[in-house]
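Novice: The structure follows.
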Amino acid sequence: MKIVSVINYKGGVGKTTLTANLSGELALRGYRVLMIDLDPQASLTFSFIRPDEWEKNLAPNKTIKNWFRPSKKDKKLKFEELIFAPDTVKQLLVNKGELHLVSSHLELINVDLELATSLSGANLKQSKQNFLKVHTTLFKGIEQLKDKYDIVLIDCPPNFNIVTKNAIVASDYILIPAKPDYLSTLGIDYLIRSLKELVSDFNDYCQVDEDDEIKQINPEIIGVIFTMVQFYGGKPISAIRPYISQTKKLNIPVFKSYIRENKTLFADAPQYGVPVVLTDKYRTDIVDEINEFITEFEKKVL
Amino acid sequence: MGKNTNIYLIQFDKLTSFLKGLNDIEIANLESGNFEIKMELVSKKDYLKNSPSRVLSYDEFAAQQIIDELNNFNNREEGLKFLLTKCSSRIDLESIARRMDIPFQKKDTIDKLKEKIIESSIGFRLRSQAIQGGNTKDNK
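Just so you know, the protein sequences line up as chains A and B, in that order. In this text, residue positions in the first sequence follow my numbering: the first is 414, and each later residue adds one. In this text, residue positions in the second sequence follow my numbering: the first is 2, and each later residue adds one.
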């Protein structure tokens, strides 16, 4: 089971659209896919279930918030109890793979603050133990699933708070969607810096707790996928090409494929609960481009 | 007239195959009225100059050497000094910018062109190192 975090500090880079389409296409190709929505905005969740249905059926006791902040009733909660299979894609995946989701919760934003209060300890050793306990909460949940899925894709919020760090700690790979512009490419550097610091701290703290077998982490940056790319004459427009080539020159792995800007196609797809790759037969050119990326991804990860 | 008719037909054929090669987005752009097809008469010499898989001219070779040198600098000011010793005319700077695939406009000043070249060869690495807090060559 491979675990991949989809993350960028910068919001609005098409992270959720990418996660939904990547997950949908992998399921169509026969993989058993679990998506975990860690963003309190719950965009991935609402790409597969209507907010009113979510509020009625999932919000009370079947979201990722229950894992991070269990109620007294949730104390014996198993991670798989949080998983649901969206009806919107079931019919499209008959005799294919699986596409399941652990939904987010709008109150997840408060959970970060509560987790932060659990970090302090009476001495250095206890603080480090608390750090490890808090940051491996999600890892321990995913670990319960063993090999029930081929791949777990985690849609991270655009920040580097404790919930996001949980995703990194649990992950084998990091996928970075980014727009090819000045500020977004700076965002890639911020992210790499934060990743290095987290990995260094975590692995350092691991050595403190000799009784508990917590393994060191080494999530690999699988690559940057440039999103919302505008094309002219069959290639990205000249204004954005320098940012793509500069990222490659920094020795950051970059996917050869691009995800094209197309508001007509991507703007309302989430409203109908089905990713573009599973539905749009009219814009095969765009779906083909997404599939090119997914084939690259598949070769690298699966 | 016979000759003229022939050349018209040849050019119409080229236009037809160009239109057939447009993808859906390009067609949608044309339909929107915000885009149009531009045709102009150019010399074959100029056309070949811009086509890929060709031997570099002396000027292009010189421009590439300057770019390769700039890529080794770790200081904007030193890079700029070097650039000024190698070229100062607008034509030279445009040639380098073109070779580096840097977008520029005719209204860009010479100083703006220099800045774009330095940022695209040296500045982006310094920005990245500053934010990442060290060498960027170990990300793989």
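Ideal placement from N, C-alpha and C gives every residue a C-beta, glycine not left out.
Sort A:LEU441, A:ASN421, A:TYR422 by Cα distance to PHE692 of chain A and report the nearest one.
Specialist: It should be pointed out that residue 692 of chain A corresponds to Thr in this sequence rather than to Phe. Among A:LEU441, A:ASN421, A:TYR422, the Cα nearest to that of THR692 of chain A is on A:LEU441.
Novice: Is the number of C-beta pairs between the segment 577 to 585 of chain A and the segment 494 to 513 of chain A that are closer than 8 Å three or more?
Specialist: The segment 577 to 585 of chain A is not in contact with the segment 494 to 513 of chain A.
Novice: Please decide whether ILE97 of chain B counts as near chain A, where near means a Cβ-Cβ distance under 7 Å.
Specialist: Not one chain A Cβ lies under 7 Å of ILE97 of chain B.
Novice: Can you say whether GLU438 of chain A is buried or exposed, counting buried as having 16 or more other CB atoms within 10 angstroms of its CB?
Specialist: Buried, since its Cβ has 16 or more Cβ neighbours within 10 Å.
Novice: Could you please tell me which residues of the segment 567 to 598 of chain A, in chain order, have their CB closer than 7 Å to any CB of chain D?
Specialist: Among the protein chains of the structure shown, namely A and B, there is no chain D.
Novice: Check whether chain B comes within 7 Å of GLN643 of chain A, counting only Cβ atoms and requiring the distance to be less than that.
Specialist: For GLN643 of chain A, the answer is no, since every Cβ of chain B falls outside 7 Å of its Cβ.
Novice: Do you know offhand how far LEU608 of chain A's Cα is from ILE449 of chain A's?
Specialist: Approximately 20 Å between the Cα atoms of the pair.
Novice: Whose Cβ in chain A lies nearer than 7 Å to the Cβ of SER129 of chain B?
Specialist: Those are ASP602, LEU663, listed as they occur along chain A.
Novice: What residues of chain A sit near SER121 of chain B, judged by a beta carbon separation below 8 Å?
Specialist: Here the neighbours are PRO655, GLN659.
Novice: If you count every other CB in all the chains shown that lies within 10 Å of the CB of PRO590 of chain A, and 16 or more means buried, which is it?
Specialist: It is buried - the Cβ of PRO590 of chain A has at least 16 other Cβ atoms within 10 Å.
Novice: Alpha helix (DSSP H) containing HIS548 of chain A: first to last residue?
Specialist: Counting along the chain, the alpha helix (DSSP H) containing HIS548 of chain A begins and ends at 537 to 548.
Novice: Does any C-beta atom of chain B lie closer than 7 Å to the C-beta of SER651 of chain A?
Specialist: It does; some Cβ of chain B falls within 7 Å.
Novice: Does the contact criterion of 3 or more C-beta pairs under 8 Å hold for the segment 595 to 608 of chain A versus the segment 547 to 558 of chain A?
Specialist: Not touching, per the Cβ criterion.
Novice: If contact is defined by three or more beta carbon pairs under 8 Å, each pair taking one atom from either stretch, is the segment 110 to 123 of chain B in contact with the segment 62 to 72 of chain B?
Specialist: Contact holds: three or more Cβ-Cβ distances are below 8 Å.
Novice: Apart from the five residues on each side of it in sequence, which residues of its chain come closer than 7 Å, Cβ to Cβ, to ILE630 of chain A?
Specialist: The answer, listed in chain order, is VAL582, VAL612, PHE615, ASN616.
Novice: Given that a residue counts as buried once 16 or more other Cβ atoms are within 10 Å of its Cβ, and exposed if not, what is ASP102 of chain B?
Specialist: Exposed, because fewer than 16 other Cβ atoms sit within 10 Å of the Cβ of ASP102 of chain B.
Novice: Taking 7 Å as the threshold (C-beta atoms), are ARG654 of chain A and ASP563 of chain A in contact?
Specialist: Cβ atoms of ASP563 of chain A and ARG654 of chain A: not closer than 7 Å.
Novice: In three-state DSSP terms, what is ASN140 of chain B?
Specialist: Note that ASN140 of chain B has pLDDT 46, beneath the 50 cutoff, so the model's placement of it is unreliable and the number below is only indicative. Coil.
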